[in-house]
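J.: Can you keep this structure in mind? I'll have questions shortly.
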Amino acid sequence: MIPPVLKTDRLILRPHRVQDFDDVTAMWADPEVVRHISGTPSSRSDSWGRLLRYIGHWQALGFGYWVVESRGDGQFLGEVGFADYQRDITPSLGGVPEAGWVLSSAAHGQGYASEAVQRMHQWADEETDWRETVCIFDPKHTVSQRVATKVGYKVSGEALFMEQPTLVMRRPGGIVDPVFTPGATVR
């Protein structure tokens, strides 16, 4: 499947390209970005694998991640999307599409995550028949938990992932009008 391009007033969500490698590598090597994700900056090799995995998700599963860029100047801001990571997590996520988002530290605090996450869920609600989606967080990652809550996620419990307590949030599919409505129009 060719990933769709999604737009808001301020953002473009577009498919990953090999040319995104330097931006992806820089973002995932930033300790501030990974603080509540892995806690460890990613190597170039890890970032290359992640980039190829994101591209491959669309081909294999018909969904995946998008690059988030500024609609005004095309600046790389981060990545958002859905995946099936086949995680070793207890209890299992059960094959439910997992939503995720990560923004470069320069893009933090400007509402981009909420705007992009709203738009990707609008796509999912309109274009898939998913009964639900899930997202997982370090329990201390309250900023991303707030973003999730704005689009309809609710805490469903805790799990153990990589030997760490992990917060699990779930959202029913088909909520075309999310709870959060930023100043931007989504199209």
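In full-length UniProt numbering, the protein residues as written are 1 to 187.
Glycine included, every Cβ here is placed at the ideal spot set by N, Cα and C.
Under DSSP, the alpha helix (DSSP H) around residue 53 begins and ends at which residues?
T.: Unbroken alpha helix (DSSP H) run through residue 53: 44-61.
J.: Report the three-state DSSP secondary structure of residue 91 (helix, strand or coil).
T.: In the structure shown, residue 91 sits in coil (DSSP, three-state: anything other than H, G, I, E or B).
J.: Would you mind listing the beta strand (DSSP E) stretches within the segment 140-174 that are 3+ residues and don't spill past its ends, in chain order?
T.: The qualifying runs are 154-161 and 164-172.
J.: Which two residues bound the contiguous alpha helix (DSSP H) that contains residue 66?
T.: It is not in any alpha helix (DSSP H) - residue 66 instead sits in the beta strand (DSSP E) that spans 65-70.
J.: Taking the straight line between their C-alpha atoms, what separation do you get for residue 124 and residue 31?
T.: Taking the straight line from one Cα to the other gives about 31 Å.
J.: Quick one: give me the first and last residue of the alpha helix (DSSP H) that residue 17 is part of.
T.: Per DSSP, residue 17 belongs to no alpha helix (DSSP H) and is neither H nor E.
J.: Pairing CB atoms from the segment 111-122 with CB atoms from the segment 143-153, are three or more of them under 8 Å?
T.: Output reads yes: the segment 143-153 touches the segment 111-122.
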